[in-house]
Structures are given as C-alpha cells and as structure tokens.
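Chains as they are written, first to last, in the working numbering: chain A, -7 to 36; chain B, 4 to 653.
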C-alpha cells in the first residue's frame, strides 16, 4: 500500500512540473510572477 | 454588460478606487507607474453587473510610451472590444490644473463621463477648496463626485452616479488627432491648458498657506539632497537588511526546529515503510523549506510597503535617475530596477513606460541582476552558514552587512552590464526625458501594507511551495533508488565497527548514508556534473541543488533539505543548517567553507535561474533571442564570478 502511494505521489509531482513547464514555455496562464504573485494583477 | 473605463493621471489613486469598486486587490502605492496594462473587474450594483476597466495612468490621451498607448488605441476605435459606454476620469483634487487636460480630452470626444475629484484630503491639507457648482457649470454634461478612495469616502455617491444611467454625453467638440501629428497635438494641448487655467482660477480657491506640499518640500530638502539624499537612502536600506536579518532569525529557528520535530514525531507514529520515508525525508522537510522563509519575506515586504505607501519610493526614483544616466539607462529604468528588488517580472513589465527601444531592451536585459526576493532564502541560508555572526563598529551585524553587500553587488553589476551594452552593442542616439511628479508624503495605509504582505506570503507559500514540494518528491525518489542493487552493495562494503562505541557507530552510519547516496540515481547524476562545478568549490550534492534551482532559485534550499534528509540514520533529525555545517569531505575539510559559501552566493547573485522571468522577457521582446542571450550572459557571469571568488578565498 505504501509503495502504491509513493508511486502515485511521484507520478503526480512529475505531471505537475511537466504541466507547469509546458504552460510557462507556451506562455499559457503566465500571469506575473509564479512565486510571489507580483505583477499578476498588472496583466489583463 | 455595460463597460465603464477608468482613466486618470498617474498616481491619482485610480487603482485604489478600482479596488474599492470591484473588491479586487490590484497593487497600489504612492508611486507612479504601478499599473502598466489595463485591468478588468466586475462591479455589481443591484441586479446589474458592470465591467470596469482600469487603464494605465496617463497625462494626456496622446501617448508618449507603450503603456500609455492603450488608452489611445481603445478610445480611438469604437469597434475595439474594450471601447467603453461611459468613462470615469479620476483627478487629483490638489492639482486640477494638470489633471483636467485628460478629462477635457475625453469629455470633448462625447463620451459620457463622471469626473471624480479624488485625494480631497490632500487638497484640503493644502488649503484648497473647490467650488463644485462653478466647476459643474464648465462641464454641464458630466457628473462630479468628490472622493477619497484611500478611506472610501464618496464611493456611495459614485456608485449612485454609475447606476443612475442618466449619464449624458457631451456634444462631441473634437476628434482624436493622428498619433504622428505632433504639431496639432501640441497646439491643441496649449489651447486646452489656456482654457483649464481659466476654469481653475474660477473654481479653485487657496485658503491656507501652511500646506502639506510645503511640509513635503521641507522634508525633501534632505531626502532628495544631492549628497544627503543618497546617504539617507543607503542608511534606510542598511536598516532594512539589518532588521530582516536580526528579527526574522528567531521565528525562523523555531520553524526549523518545529519541522525537524514534526518529522521525528511522524516517523515514530507511522509504521515503517516507503511512504513514511517519503513523508519524513521529502514532504515535511520540503514544506519546512518553504515555510521557514515566511518571516523574512513578510518583514521585507512590510518595510518596502511602508516606503512605497509614504511616497518615499518616488524620491528614490528621483535621486537614482542621476546615477543611471551615465550607464545608458533612462531615468524611467529606475522604477523597473527598484521593482526588481522584489521581483523581476513586474520590473520587466514596468519597462513599457520607456519610449526608447534600446533603453528599454537594455533595462530588460539587466533587470534580473537585481537581487529579487527569491534570492533571500538562498542568501540567508548561506550567510548564516559561512559568515560569522559578529558585530562591527559596535552595532552593525556582519551577516546583515553581507546581505546588503549582495544587493549592492546586483545593482553595480546591472549598471556595469548596461554600460557595456551601451558602449559596444546598442548605441542609442535618442535623448529621452524623464518627468516625475513627487507626490506629497502620506501616512501609510496599514491595511494596504498588510494585504500586500499577506498576498505575497500566500502566493510564495502556495505557488512556490507547490514547485518546491514536487521537486522535493522527485529528488527524494532519485536519491532513494539506484540501478539494480548497487546501493545495497555499496553499503555492504562498509566495514561494521567491532565495538559498540557511539562515535564508531555514528561514523559507520555516516559512511553507509554517503555510500548509498553516491550510488543512487541522484548520485550518478551529481557525479556526472561534478567536474564542471568542482572549480567553483562545489560538491555533487550542491550541484544537484544548483541544477534543480534553474527552474526557480529558492528551490535550492528545499533541495538541500531533501538531499540531506534522505538516508539519515540519526534518530534525532537536526535543522538543515546544523547538518550542512557537519558536512565534510573525506579529508575532513568542511564542504561549506567560507570560500565555497561565498562562491555560491556570487553564483546566485548573477545566475538567471527563473523560468517565469525568461517567459515574461520573451513575451515583452516578442522573441526567444533576448531571453536566451540573458540566460547565456548571466550564466557566464555567475560561473566566472563564483570561480574567482572561490579561487581567491580558498
């Protein structure tokens, strides 16, 4: 059971980073700084 | 849905009003150029939903920079999707003469308009009274409302005006002049100012001479003084960094210890297994690596928020202008550069106010050299690790001084690179002017400062936190597994001590940990890059953290926390800093020495490790060429700087 949970979490982390990288690369949903949020409000 | 546009000069409280009306939290400050693109929000009055569009501040409908052109583009094209049914023009009631230019331009185009006399508190402190009846007589088709958006007065009256639907359009008495017809624009502006002067003479009365403006002027004699201005600014910076270092260290220690104990408690509570290890070696240290920086980030943004709110930042922009020009930067580069001390992304967007493309590009290229808040976690960890906690001159903390020095290093390097670009690559013949209105000093609105700090912390924890957590999980997997049974074989090769002596057991455990890690996937990867980073004084574990932080700098700390938690045989998990201090090479030399620590600090000061900034630079320059050049030159500077630092100190 523990092993299954670990596999799911690793797959989830890889998927999340992949999607995040893809969106940054293509400019989709890039609104301001992803870390501190500064500038998010300055883009319509 | 009705569309209503919000126009106004810069720094008239337009964004504060927008936030009041829509309930949104757009950034505000006593500082021009905060809004550089239009922003849309919904305003609900009764059963009607209205779209409110906040445009960048502009002095005239005729633009002088890219950000200001948005207004002209929308107003000049009735087919534009954002063309409004009505407009709210926000003016600074304490300076009607200058503010009414934009209003008359919009009013004369025949757009139904509400005139908001904002900052009425400043006007009355300056001894000004405005005769509304008289003003109304000059603009019979407009509805005039007094307000103070900072505290919310006049908002109900404004809502009534918007809801009434009785907004009549004035007769269209002028049409837009072509953008390239400077001569007609100039004569039109002169004629308007002549008319406005007459209106102001009739409607505005000066009663009291002891004005707030005079008070601001008296303070400014010192704060924008050619010598004392700089000294005071650097003293303020020094105090900020000292404060960040001194006060934040206590809660940081508590958080660090708290997470160490949480990991320990979790490991005793849950049954042994892979998931328990993932929790205690990756997830808990990963989250701890994010949460620990909340005190510093909150404190820094709190202090910067106060400087912005009071109006001091506008003075900083003013005095820095002189410093910038010899380096080929425009005075308007100062706002982006100062914004970049928090984050390079709004800085890059703020360059839209710079008219000259060469100067704008130079500013964009050097902006990420300014030390942003993402560097704080890396700086503070490394400074605490390798810089002695001593005081000099009886009151200056050396660690705080080094932090100050790193910020100064970023600025100096940004200026030098700008100079090189100016001299050798992009000589600009354009002469640009920089006009800045110094706002009157105001007491900070604590709610604004608090909300800003809260939003920054929230986004850091939830946005950066997710990346750090995901990377921590992957690093843990890479460090916990290896090809075949290589890790077990390597561990078996270590000879078990024949005695039960505690020191011998600890040495044995350390050796097993190290052997397992070296033969894991991460070890193989790290060893692969070690030859490249060895001249900088880094071992392969630092190399792994360096690699992961190319997505975002602050991941460095979370990565270290994960790497050093994996395979920890010790029953008592120690705070990260203690573990790093004890990390030694085979010959007993500390891995984190002064030389390797300073080398890392220099590397992080110069390296372009932020995917989000690269993406924004691509968007603003409309090409991948410039972000790639930026990545290349900053990487080169980082490597060279770190190499020199290590070779000099080792």
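Cβ atoms here follow ideal geometry from the backbone N, Cα and C, with glycine treated the same way. Bear in mind the structure is a predicted one, so any value in this text is a computation, not a measurement.
- Under the Cβ criterion (8 angstroms, minimum of three pairs), the segment 367 to 384 of chain B counts as touching the segment 287 to 306 of chain B.
- The alpha-carbon of residue 391 (chain B) is positioned some 20 angstroms away from that of residue 560 (chain B).
- C-alpha of residue 472 (chain B) to C-alpha of residue 414 (chain B): approximately 31 angstroms in a straight line.
- Within its own chain, the residues whose Cβ lies closer than 6 angstroms to the Cβ of residue 424 (chain B), once the five positions on either side in sequence are excluded, are 365, listed in chain order.
- Three or more Cβ pairs closer than 8 angstroms define a contact, and the segment 41 to 56 of chain B meets that threshold against the segment 9 to 26 of chain B.
- Counting along the chain, residue 417 (chain B) sits inside the alpha helix (DSSP H) bounded by residues 401 to 423.
- In the DSSP annotation of this structure, residue 192 (chain B) is not part of any beta strand (DSSP E); the continuous alpha helix (DSSP H) holding it starts and ends at 185 to 206.
- For the C-beta of residue 1 (chain A), the chain B residues within less than 7 angstroms are, from N- to C-terminus, 281, 476.
- Non-local C-beta neighbours of residue 259 (chain B) in its own chain, meaning closer than 8 angstroms and more than five positions away in sequence, comprise 291, 295, 578, 579, 580, ordered along the chain.
- Put simply, the backbone Cα of residue 83 (chain B) is about 11 angstroms away from that of residue 74 (chain B).
- Pairing residue 563 (chain B) with residue 651 (chain B), the inter-Cα distance amounts to about 25 angstroms.
- Annotated as proximal: residue 118 (chain B) and residue 92 (chain B), with beta-carbon spacing under 7 angstroms.
- In the three-state reduction of the DSSP assignment, residue 11 (chain B) falls in the strand class.
- With a beta-carbon spacing of about 7 angstroms, residue 121 (chain B) and residue 151 (chain B) fall inside the 8 angstroms limit used to define contacts.
- Chain-ordered listing is empty here: chain B has no CB closer than 8 angstroms to the CB of residue 14 (chain A), the nearest sitting near 11 angstroms.
- Using beta-carbon distances, residue 277 (chain B) counts as an interface residue toward chain A, with a partner under 7 angstroms.
- Under the rule that a run must span 4 or more residues, the alpha helix (DSSP H) segments found entirely inside the segment 68 to 139 of chain B read 69 to 78, 99 to 110, 123 to 128.
- Along the segment 12 to 27 of chain B, none of the residues has a CB nearer than 7 angstroms to a CB of chain A.
- For residue 469 (chain B), the chain A residues whose Cβ falls inside 9 angstroms of its Cβ are 8, 12, in order along the chain.
- Between residue 389 (chain B) and residue 635 (chain B), the CB-CB gap reaches or exceeds 7 angstroms.
- Taking the CA atoms as reference points, residue 308 (chain B) sits about 22 angstroms from residue 220 (chain B).
- Taken through DSSP and simplified to helix, strand or coil, residue 488 (chain B) comes out as coil.
- Taking C-beta separations shorter than 7 angstroms and ignoring five residues to either side along the sequence, the partners of residue 409 (chain B) in its chain run 374, 382, 604, 608, following chain order.
- Relative to residue 370 (chain B), the option among B:356, B:329, B:362, B:347 whose CA is nearest is B:347.
- For the pair residue 452 (chain B) and residue 349 (chain B), the Cα-to-Cα distance works out to about 18 angstroms.
- Within chain A, the residues placing a beta-carbon under 7 angstroms from that of residue 473 (chain B) are 5, 8, 9, ordered along the chain.
- Taking each of B:633, B:541, B:567 in turn and checking the Cα distance to residue 645 (chain B), the smallest one comes out for B:541.
- Residue 618 (chain B) and residue 368 (chain B) have their C-alpha atoms roughly 13 angstroms apart.
- Among the residues of chain A, none has a CB under 9 angstroms from the CB of residue 564 (chain B); the nearest is roughly 16 angstroms distant.
- Out of B:181, B:543, B:20, B:631, the CA that lies nearest to the CA of residue 156 (chain B) is found in B:20.
- Residues 118, 120, 135, 138, 139 of the same chain have their beta carbon placed closer than 7 angstroms to that of residue 147 (chain B), with the five preceding and five following residues left out of the count.
- The Cβ neighbour count for residue 272 (chain B), taken over all protein chains shown within 10 Å, is under 16; the residue is labelled exposed.
- Under the three-state reduction of DSSP, residue 610 (chain B) is assigned to coil, being neither helix nor strand.
- Residue 5 (chain B) and residue 112 (chain B) have their alpha carbons spaced roughly 19 angstroms apart.
- If you ignore the 5 residues before and after residue 611 (chain B), its C-beta comes within less than 6 angstroms of the C-beta of 371, 633, 634, 637, all in its own chain and listed in chain order.
- At the C-beta level, residue 9 (chain B) and residue 57 (chain B) come within 7 angstroms of one another.
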